[in-house]
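In what follows, a single structure is set out as structure tokens and then discussed.
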Amino acid sequence: MNSFRKKPIVTYGLIAVNLLVFIGMTLSGGSQNVVNLIAWGAKYNPLIIQGELWRLFTPMFIHIGLEHLALNLLTLYFLGVQLEQLFGKWRFLALYLISGVGGNILSFALSSNISAGASTSLFGLFGAYLMLGESFRHNQYIRMISRQFLVLIVLNLGFDLFAGGIDIWGHLGGLLAGFLASYAVGVPNIGSIPRIKRIISVVALVVVYGLLLQTGFNHWQYPV
Numbered sequence: 008m009n010s011f012r013k014k015p016i017v018t019y020g021l022i023a024v025n026l027l028v029f030i031g032m033t034l035s036g037g038s039q040n041v042v043n044l045i046a047w048g049a050k051y052n053p054l055i056i057q058g059e060l061w062r063l064f065t066p067m068f069i070h071i072g073l074e075h076l077a078l079n080l081l082t083l084y085f086l087g088v089q090l091e092q093l094f095g096k097w098r099f100l101a102l103y104l105i106s107g108v109g110g111n112i113l114s115f116a117l118s119s120n121i122s123a124g125a126s127t128s129l130f131g132l133f134g135a136y137l138m139l140g141e142s143f144r145h146n147q148y149i150r151m152i153s154r155q156f157l158v159l160i161v162l163n164l165g166f167d168l169f170a171g172g173i174d175i176w177g178h179l180g181g182l183l184a185g186f187l188a189s190y191a192v193g194v195p196n197i198g199s200i201p202r203i204k205r206i207i208s209v210v211a212l213v214v215v216y217g218l219l220l221q222t223g224f225n226h227w228q229y230p231v
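Okay, so the sequence shown: first residue is 8 according to the working numbering, each after it adds one.
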């Protein structure tokens, strides 16, 4: 039982789901086929405004090409193994999923492009490291690693600005959602988060992303 608790089961499970979805897409028409991407649940605004809100959830399990998949799953492994141990399995899973949905909501609100990928969730994990650095700055190791991730975040977002085909809004939305969600779920394996911070984070998540979702519907249903 103890060995089960120590293994990053959720991280392995998320990797397995992404692999299975990619295999299914490859066998059913290809992961870079736009029609197939939409069929499998990529973020596609015209269908979201028709009520397919599940498209704010499913894109985090869909990848466009083998290189996209490999890069994201490697990143998920290296981030997930550590964060799952720090947050615990269910808190880590909640953090991952909330980040993915948050990233897709901001992308829906501000971008008309079809998009997919686990990077919305992965940026949320980056955001979790920022929260750890802010909340546990007395811990020298956590403070050091959070600073390293801050540099990595800046470099990634800088790259996003100049590279084509990257959903920077999804990345930013995931980053913010992960930062807030990590406060909300707490990190009992390291220390306690003040209750007021957790409450404020929950309220901020609901209000900010609720408003962004409404903004997206208003914008795409009634374009100026």
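C-beta atoms are modelled at their ideal positions from N, C-alpha and C, and glycine is treated no differently.
Worksheet item: Between which two residues does the alpha helix (DSSP H) containing residue 167 stretch?
Response: Residue 167 -> alpha helix (DSSP H) spans 147-169.
Item to complete: With residue 142 as the anchor, note down where its alpha helix (DSSP H) starts and where it stops.
Response: Per DSSP, residue 142 belongs to the alpha helix (DSSP H) from 126-142.
Worksheet item: What's the gap between the Cα of residue 160 and the Cα of residue 42?
Response: Approximately 32 Å between the Cα atoms of the pair.
Discussion item. Between which residues of its own chain and residue 83 is the CB-CB distance below 7 Å, once the five residues before and five after are set aside?
Written reply: Taking C-beta separations shorter than 7 Å and ignoring five residues to either side along the sequence, the partners of residue 83 in its chain run 18, 21, 22, 125, 129, following chain order.
Worksheet item: In or out: residue 191 buried (at least 16 other Cβ within 10 Å) or exposed?
Response: Buried: at least 16 other Cβ atoms inside 10 Å.
Practice prompt. Measuring alpha carbon to alpha carbon, tell me which of 127, 199, 120, 51 ends up nearest residue 182.
Written response: Per the Cα distances, 127.
Practice prompt. Look at the alpha carbon of residue 8 and the alpha carbon of residue 14, and state the distance between them as a whole number of angstroms.
Written response: Unreliable placement is indicated for residue 8, whose pLDDT of 47 sits below 50; the coordinate value is still reported in the next sentence. In this structure, the CA atom of residue 8 is about 10 Å from the CA atom of residue 14.
Fill in: Rounded distance between the beta-carbons of residue 46 and residue 122, thought under 8 Å
For residue 122 against residue 46, the beta-carbon gap comes to about 15 Å, at or over 8 Å, which does not count as contact.
Item to complete: Can you tell me which of the three DSSP states residue 122 falls into?
Response: Looking at residue 122 - three-state DSSP - the assignment turns out to be strand.
Worksheet item: If you drop the 5 nearest sequence neighbours on each side, which residues of the same chain put their C-beta closer than 7 Å to that of residue 29?
Response: Contacts found: 38, 70, 76.
Worksheet item: Do the CB positions of residue 58 and residue 195 come within less than 9 Å of each other?
Response: Against a cut-off of 9 Å, the Cβ pair of residue 195 and residue 58 comes out as no contact.
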